[in-house]
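Following: one structure in structure tokens, then a few remarks.
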Amino acid sequence: MNDAKEEIRARLPVEDVISQYIELKRAGRTLKGRSPWGVDKTPSFMVSPEKGIWHDFSANKGGDIFTFVMEVEGITFKEALEKLAAQAGVDISRYSGGDARLAKRKARAREALELATKYYQYCLSKSRKVAEYVFYKRNLNRGTVKEFRIGYSPKEGKACKKFLLSRGFSESELKDAGLLNRFGGDMFRGRMMVPFIDTTGNVIGYTARVLDKSEPKYLNTQDTLLFNKSRFIFGLAQAKDAIRKSGFVVIVEGNMDVISSHQAGVKEAVATSGTAMTEQHLKALSRLTDDIRLAYDGDEAGVKATERAIMMAGDLGINLTVISDYQGAKDPDELIQRGAEFWCKAVEERKPAVEWLLDKYEEKVDLRTGFGKREYSDIALRLLGYVKDKVERAHYEELVAERLDVSREDLHEKADDLKKKLLAKPKRRLKDVKTNATSDKVAGLEDNLLAIMIYGGVDTPLELEMPEDETKLDELELVFDNLYKKYTKAELEREVKDLCAALKKETTKSEIEVLKSELEADDLKPEREKEILKKIYELQKSKK
């Protein structure tokens, strides 16, 4: 694919790609703008048209057009390649070798879904009964229907199939697109059709709702060549610009909640379509923002979903909150029908997710009894184990201790007892202890040191891996030119000393976090636990 990347780079100037997202202004040989991640107070985003690279000094990110689109859109390299290839007019199937046949199948599936979507939109426009349902019963306006490309699938068993076959598609291509059922007829019949649109703007599947009370109420596209439910986020294509601008995202439970929210003015709403939230969903959203607001129901399923989200969010540095004031409505859609202003207010008046869960747990037990306090403390301590930040965890420990009328020390003793009981249980195999603890801050410090070493001619006492990638070297030159070009030799040497000290501190902190995560493993042997605790002590001592 390197040849394809080079052709795309040659056709798409870096400034043209980036200026689609942020405003750039000339600053000598480079261009300057505000960070698209909203973390700078003054312009700190630099672009070098000459080298075809960019660097965000406030967010410690950088690279070429591919890395930029991956970061700003929250998509994979493959998706960024396809998006930029489409902009550049490059047929990447020519470069895919053995994957050319698969690439062609995917392309035909996309074409079939695009034409099917237009067909469904046409069918909606021709049916007065369906239009009344969409515009009056669902209270959707024409702008919303157009934005989400909503349509209608006829009741006839093979209407869409016949239409697409007449346009040159084969039955196998329609199967690839997920448009046929196991009997060879239309997968969707007599339903309001809402396309699944990926972040590159392509239709990859559908969620389809019945117009009456028949079952199933919703029918979603199953996993296909194009659609994967564990990765897809409904509404992200329409929400990504608003998320970048406002700095937060709202995760609702249903697709109709997303659509109603956008119409009500909260365009940051998305949903994990037809599946529970996965780590892939959270990682994709965390590339756009670290402020994630959950709009889940307060029932048992909502409580479990929130707890799972807290577990996954612990290592991603995400600020997780819960929107819960529905004023008696069962979901955001119903609340919006009462008045869009109620939903807008609820989105702003969210509650920290841990605090919300602690409140929910408290409702289930009687804290006037010893048994109730024991049960509540068991659940609360398990939850607080997911909170990685020490200051935040201390805050919630105070909250729990106050509710139980005990001290934080009592909670710590109980936590130790629970840990001992866990270690005494039959051991399970250690699974995937996370060892990659390199933070963005560490990466930024290393980049600055490398920039000084390569372009400032000052050696560092630390052993750093010399990059061989030309794009990375160009990026480091951009870092040096913007930060250190006017430094004297003595100033560069002092800066290296300060950077090395900061890097050692951050690396030690990361090593401690990795060791602490290993302590939580189910099959940790007592002798290994002693080794880890000793190592943590030594590292903490070296920091002082």
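Last residue of the sequence shown: 1316 in the numbering used here, with the numbers rising by one and none dropped. In this text, a Cβ means the ideal position worked out from N, Cα and C, and glycines have one as well. Fair warning: this is a prediction, and the values are worked out from it, not measured in the lab.
query	result
Ends of the beta strand (DSSP E) at Asp-1013?	Premise fails: Asp-1013 lies in the alpha helix (DSSP H), 1008–1018, not in any beta strand (DSSP E).
Is it buried or exposed for Ala-782, if we count other Cβ within 10 angstroms and need 16 for buried?	exposed
Is it true that the CB of Arg-1016 sits closer than 8 Å to the CB of Pro-808?	yes
Assuming Leu-946 contacts Ala-884 under a Cβ cut-off of 8 Å, what Cβ separation, rounded to an integer in Å, is found between them?	6 Å
What runs of the alpha helix (DSSP H), each 4 residues or longer, lie entirely inside the stretch 860–894?	none
Is Leu-1202 buried or exposed, if buried means 16 or more other CB atoms sit within 10 Å of its CB?	Reliability fails at Leu-1202, whose pLDDT of 31 lies under 50, so the model's placement of it is uncertain and the value that follows must be treated cautiously. Counting Cβ neighbours within 10 Å, Leu-1202 comes out exposed, since fewer than 16 surround it.
Look up Met-965 in the DSSP assignment and give the residues it is bridged to.	Gly-923 and Ala-980
Flag this pair as yes or no: are the beta carbons of Leu-1291 and Lys-1307 separated by less than 8 Å?	no
Round the Cβ separation of Thr-889 and Asp-948 to the nearest angstrom and send it over; I've been treating them as touching at under 8 Å.	With a Cβ gap of about 16 Å, Thr-889 and Asp-948 do not count as contacting.
Would you tell me roughly how many angstroms separate the C-alpha atoms of Tyr-891 and Gly-957, rounded to the nearest one?	16 Å
How about Leu-1183 and Leu-1153: are their beta carbons less than 8 Å apart?	yes
Going straight from the alpha carbon of Leu-921 to that of Val-966, what length do you get?	It should be noted that the sequence gives Arg, not Leu, for residue 921. Roughly 7 Å between the two C-alpha positions.
Based on Cα-Cα distance, which residue from Ala-1041, Ile-780 and Ile-825 lies nearest to Val-1251?	Ile-825
Roughly how far, in whole angstroms, is the beta-carbon of Ala-1014 from the beta-carbon of Lys-1039, given that I think they are within contact range, below 8 Å?	4 Å
Quick one, are the C-beta atoms of Phe-955 and Ile-976 less than 8 Å apart?	no
From the DSSP output, in three-state form, read off Leu-1271 for me.	helix
Does the stretch 1093–1107 come into contact with the stretch 1115–1128, if we say contact requires no fewer than three beta-carbon pairs (one atom in each stretch) closer than 8 Å?	yes
Quick check on Pro-1233: buried or exposed, where buried means 16 or more other Cβ atoms within 10 Å of its Cβ?	exposed
I think Thr-979 touches Asn-992, with their Cβ atoms under 8 Å apart; what is that distance to the nearest whole Å?	5 Å
Tell me the residue span of the alpha helix (DSSP H) that contains Arg-1110.	1104–1110
Mind checking Gln-1099: buried by the 16 CB within 10 Å criterion, or exposed?	exposed
Report the option in Arg-910, Glu-779, Gly-805 and Pro-1298 whose CA atom is closest to the CA atom of Asn-862.	The question names Asn, but residue 862 in the sequence shown is Val. Ranking Arg-910, Glu-779, Gly-805 and Pro-1298 by Cα distance to Val-862 puts Glu-779 first.
Would Thr-802 and Val-819 be called neighbours here (beta carbons separated by less than 8 Å)?	yes
Quick one: give me the first and last residue of the beta strand (DSSP E) that Met-818 is part of.	817–820
Out of Asp-836, Asp-828, Leu-796 and Ala-1036, state which residue places its alpha-carbon closest to the alpha-carbon of Thr-1243.	Asp-836
Can you tell me whether Val-1021 is helix, strand or coil according to DSSP?	strand
Starting from the N-terminal side, write out each stretch of the beta strand (DSSP E) that is 3 residues or longer and does not extend beyond the stretch 1206–1238.	none
Please state if the CB of Gly-923 and the CB of Gln-994 are separated by a distance shorter than 8 Å.	no
Report buried or exposed for Lys-1104, applying the criterion of at least 16 other Cβ atoms within 10 angstroms of its Cβ.	Residue identity check: residue 1104 is Pro in the sequence provided, not Lys. Under this definition Pro-1104 is a buried residue.
Keeping to the same chain, check which residues put their C-beta closer than 8 Å to that of Asn-832; ignore five residues upstream and five downstream.	Asp-1212, Lys-1213, Ala-1215, Gly-1216 and Asp-1219
Which of the three DSSP states is assigned to Tyr-1158 in this structure?	coil
What number of angstroms, rounded off, separates the C-alpha of Tyr-793 from the C-alpha of Phe-968?	23 Å
Excluding five sequence neighbours on each side, which residues of the same chain lie with their C-beta closer than 6 Å to the C-beta of Ser-1058?	Leu-1088 and Ile-1090
Leu-1236 and Leu-1221: beta carbons closer than 8 Å?	yes
Let me check understanding here. Comparing Cα to Cα, which of Tyr-1133, Lys-1258, Ala-1041 and Arg-963 lies closest to Ala-931?	Arg-963
Applying the criterion that 16 or more other CB atoms from any shown protein chain within 10 Å of the CB defines a buried residue, is Pro-926 buried or exposed?	buried
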